[in-house]
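Enquirer: Take a look at the following structure, please.
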Amino acid sequence: MTTTTQTAPLVRATGVTKKFGSGDKEMVALSGLNLEVREGEFLSLLGPSGCGKSTALNIMGGLLSATEGSITFGGKTLTEPSRQIGMMFQQAVMFPWRTTLDNVLLPVEIFGESKKKYRAKAEELLSMVGISEFAGSYPWQLSGGMQQRAALCRVLLHDPKLLLLDEPFGALDEFTRETMNQELLRLQAHTKSTAVLVTHNITEAVFMSDRVAVMSARPGRLIGILEIPFDRPRTPDLQTTSDFVALVAEARKMLELQ
Amino acid sequence: MTTLAPASTTTAKVKQQRPDRDTKGAGWIALITIAVFLLLWQFIPQTGLINRVLFPTFTDTLAGFVQLVSGGYWWEDLGKTMMAVAIAWPIGVAFGFSMGVILGTSPFIRQAITPYAIAVQALPKVVLAPLLIGWLGFGSESKIALAVIICFFPVWIDTMVGLALPAANEFKLMQSLKATRRQIFLKLQLPSAIPMIMVGVKHSLLLAFTGVLVAEILSASDGGLGKLAKEFASQLNMPLTYSVVGIVVILAVALVSIADVIERRVVFWSEESRARKR
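Heads up: the sequence lines are chains L and W, in that order.
For reference, each letter of the first sequence is one residue, going 4 to 261 in my numbering.
For reference, each letter of the second sequence is one residue, going 178 to 455 in my numbering.
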């Protein structure tokens, strides 16, 4: 709020609507979304299932095209996926025939760049998330949490400007998820990338974000944006402060009023 | 049905916990079964209940086996059969794989060809043998052609199915990286399909063997184990006929075992391979 005279936003969604099906079966997944993602911020899309938050994320990633409206990324209209954008899904999506290291190196292999050049960086990332000793292991020898750590390394390997995270730790248990969220914040700060997180967990959204975009379902649309002013780095202790609890309550109220 | 489900899962768990005991038990059961079978084989023909000429005892058959193997002339027939398999199988695999890749990656061609593919699959392909012999003569060509026609199908179908195996998320990951169609095929679809393809390749090995033997039985002039079995049978020399059948069984088991070992090396990462190792 204080720095309104910023440069242009990294992502700008203007009147983005997405309809699936046609005729009687037409379903409006997302209705008239206007949203800006600022460079370097951590933004969450918070809402119940069916609020179109994943649809919005896939449109921002260029994987889906909007029925109406448009998306710009770095000032240019986005019509297809970009190598400046990295995506993470609820599943780790590791290929079982590749070792963990080779899975992490997959992006640069697809970009046609030398794997040798990135090998050291991949190993560094793996050790940053504490699984360097599993570099030569296969993903099916790793736990779900370790697989998501590797997926995090994979998405960070080529320094994408924008991280799109579709409930990346939703399939993990509560404890692992909390540690993973910490790792994510640490690495996002380290790489100075911009992140958009899709979640239905209010506490998680408030804890992680600079801003929380609250959405409602049927049809999916944006209710409002909540500014989260806490300093970084944030520690789990923050969650017990009264300011934090108040913000969580406010987000909950926004969701319930709908 | 629903009451059975929990019971079966508990046995599965027990099996995992005590693998040694279980495999040992299975080994003993197999040995005892073989012993009982051999004893029955030996003594039932001697009782006169069944015709000993048509059903020779185990020892008669063993003597025939020794006679056949020491005779030496069968080596040529063995060589001819195996040579035909060695030619027909790779051709069938290559053809089936190519068809599978073309149909598995092009929805348009898949839709155009599927009705014919179903018709061809339904056809008992052995019926083509007289046609092939008519076209290609009694030599090894018709033999190989029949084996190819019989054996390519599973590779085709398994390749096609395997290429469609990757989950939506895996395609999504590749798309988000802007992978080309070629990269999606080479780095995602093909590796995912390999376990399925290996199943088809193994299956086709036995089918190629079957095709060659059928062709040999139908057209005797080129020789081979099929011809040998047919000739011995027509001479009512049952011990030798049995021996040829026995050799075919041993060869088939050996071929499948080798294929299994190769499969396990190649697709060690697949869920099936890992489940088998447990």
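Ideal Cβ placement from N, Cα and C applies to all residues, glycine included.
Note that the structure is predicted; figures quoted are calculated from it, not measured.
Apply the 10 Å Cβ neighbour rule to A370 (chain W) and answer buried if 16 or more other Cβ atoms are within range, or exposed otherwise.
Expert: Taking the second sequence and counting its residues from 1, the one referred to as residue 370 (chain W) is at position 193. The residue is buried, with at least 16 neighbouring Cβ atoms inside 10 Å.
Enquirer: Going by DSSP, which residues form a beta bridge with D246 (chain L)?
Expert: Here residue 246 (chain L) refers to the residue found at position 243 of the first sequence. DSSP lists no partner for D246 (chain L).
Enquirer: Counting only Cβ pairs nearer than 7 Å, list the residues of chain L close to Q360 (chain W).
Expert: On the second sequence, residue 360 (chain W) is found 183 positions in, with the first residue counted as 1. Within chain L, the residues near Q360 (chain W) are I113.
Enquirer: Given a cut-off of 8 Å on the beta-carbon distance, is the pair S196 (chain L) and P171 (chain L) in contact?
Expert: Numbered from 1 along the first sequence, position 193 holds the residue referred to as residue 196 (chain L). Numbered from 1 along the first sequence, position 168 holds the residue referred to as residue 171 (chain L). In this structure, P171 (chain L) does not lie closer than 8 Å to S196 (chain L) by Cβ.
Enquirer: With DSSP run on the structure shown, which of helix, strand or coil describes E116 (chain L)?
Expert: In the first sequence, the residue the question calls residue 116 (chain L) occupies position 113. DSSP places E116 (chain L) in coil when its eight states are reduced to three.
Enquirer: Give a yes or no on whether 8 Å exceeds the smallest Cβ distance from Q193 (chain W) to chain L.
Expert: Here residue 193 (chain W) corresponds to residue number 16 of the second sequence, with the count starting at 1. The pLDDT assigned to Q193 (chain W) is 45, lower than 50, so where the model puts this residue is not dependable, and the model offers no usable value.
Enquirer: Mind checking whether A125 (chain L) and L109 (chain L) have CB atoms under 8 Å apart?
Expert: In the first sequence, the residue the question calls residue 125 (chain L) occupies position 122. In the first sequence, the residue the question calls residue 109 (chain L) occupies position 106. No, Cβ-Cβ distance for A125 (chain L) and L109 (chain L) is not below 8 Å.
Enquirer: Which same chain residues end up closer than 6 Å to Q219 (chain W) when comparing Cβ atoms and leaving out the 5 residues on each side of it in sequence?
Expert: Indexing the second sequence from 1 puts residue 219 (chain W) at position 42. The residues are T234 and F235.
Enquirer: Based on the DSSP output, what are the partners of S47 (chain L) in its beta bridges?
Expert: Counting from 1 along the first sequence, the entry for residue 47 (chain L) is found at position 44. Paired residue(s): L:L200 and L:V215.
Enquirer: State the Cα-Cα distance for the pair Y419 (chain W) and N228 (chain W), rounded to the nearest angstrom.
Expert: Against the second sequence, residue 419 (chain W) aligns to sequence position 242. Against the second sequence, residue 228 (chain W) aligns to sequence position 51. Each residue's alpha carbon lies about 15 Å from the other.
Enquirer: Using alpha carbons as the reference points, say which of L:G89, L:P84 and L:F45 lies closest to V209 (chain L).
Expert: Sequence index remark: in the first sequence, residue 209 (chain L) carries index 206 (1-based). The shortest C-alpha separation from V209 (chain L) is found at L:F45.
Enquirer: What are the residues of the stretch 169-192 of chain L that lie near chain W, defined by any Cβ-Cβ distance shorter than 7 Å?
Expert: Within the stretch 169-192 of chain L, no residue has a Cβ that lies closer than 7 Å to any Cβ of chain W.
Enquirer: To the nearest angstrom, report how far apart I327 (chain W) and V31 (chain L) are at their CA atoms.
Expert: Within the second sequence, numbered from 1, the residue matching residue 327 (chain W) stands at position 150. Within the first sequence, numbered from 1, the residue matching residue 31 (chain L) stands at position 28. Rounded to the nearest angstrom, the two C-alpha atoms are 51 Å apart.
Enquirer: Anything in chain W within Cβ reach of Q94 (chain L), meaning under 7 Å, just list it in chain order.
Expert: Position 91 of the first sequence, counted from the first residue, corresponds to residue 94 (chain L). Those are N346, listed as they occur along chain W.
Enquirer: Does the beta carbon of P331 (chain W) come closer than 8 Å to any beta carbon on chain L?
Expert: Here the question's residue 331 (chain W) lines up with position 154 in the second sequence. No, because no Cβ of chain L sits closer than 8 Å to the Cβ of P331 (chain W).
Enquirer: In whole angstroms, give me the CA-to-CA distance for W312 (chain W) and V304 (chain W).
Expert: Locating residue 312 (chain W) in the second sequence gives position 135, counting from the first residue. Locating residue 304 (chain W) in the second sequence gives position 127, counting from the first residue. Their Cα atoms are separated by approximately 14 Å.
Enquirer: Checking 8 Å against the spacing of the C-beta atoms, do G65 (chain L) and P84 (chain L) come in under that value?
Expert: Taking the first sequence and counting its residues from 1, one reaches residue 65 (chain L) at position 62. Taking the first sequence and counting its residues from 1, one reaches residue 84 (chain L) at position 81. Against a cut-off of 8 Å, the Cβ pair of P84 (chain L) and G65 (chain L) comes out as a contact.
Enquirer: So what does DSSP say about T5 (chain L), is it helix, strand or coil?
Expert: In the first sequence, the residue the question calls residue 5 (chain L) occupies position 2. At T5 (chain L) the pLDDT is 46, less than 50, meaning the model places this residue with poor confidence; the figure from the coordinates comes in the next sentence. If DSSP states are grouped into helix, strand and coil, T5 (chain L) belongs with coil.
Enquirer: Determine which residues share a DSSP beta bridge with L405 (chain W) and list them.
Expert: On the second sequence, residue 405 (chain W) is found 228 positions in, with the first residue counted as 1. Paired residues: none, contrary to the question.
Enquirer: Contact between the stretch 405-413 of chain W and the stretch 427-441 of chain W: three or more CB pairs below 8 Å?
Expert: The answer is no - the stretch 427-441 of chain W does not touch the stretch 405-413 of chain W, with fewer than three Cβ pairs under 8 Å.
Enquirer: Assuming contact is defined by CB atoms lying nearer than 8 Å, are L159 (chain L) and L190 (chain L) in contact in what I supplied?
Expert: On the first sequence, position 156 is the one that residue 159 (chain L) refers to. On the first sequence, position 187 is the one that residue 190 (chain L) refers to. Against a cut-off of 8 Å, the Cβ pair of L190 (chain L) and L159 (chain L) comes out as a contact.
Enquirer: Interface residues of chain W around L66 (chain L) at Cβ under 9 Å?
Expert: As a working note, residue 66 (chain L) is residue 63 in the first sequence. Residues of chain W passing the Cβ test: K349, Q352 and S353.
Enquirer: Under 7 Å, CB to CB, which of the residues in the stretch 110-139 of chain L have a partner in chain W?
Expert: Within the stretch 110-139 of chain L, the qualifying residues are P110 and I113.
Enquirer: So, does the CB of R441 (chain W) fall closer than 8 Å to a CB anywhere in chain L?
Expert: Position 264 of the second sequence holds residue 441 (chain W). Closer than 8 Å: no.
Enquirer: If contacts are defined as beta-carbon pairs under 8 Å, then L390 (chain W) and G403 (chain W) qualify, I think. What distance do you get, rounded to the angstrom?
Expert: For the purposes of this step, residue 390 (chain W) is taken as residue 213 along the second sequence, with counting starting at 1. For the purposes of this step, residue 403 (chain W) is taken as residue 226 along the second sequence, with counting starting at 1. Rounded, the Cβ-Cβ distance is 4 Å, consistent with contact.
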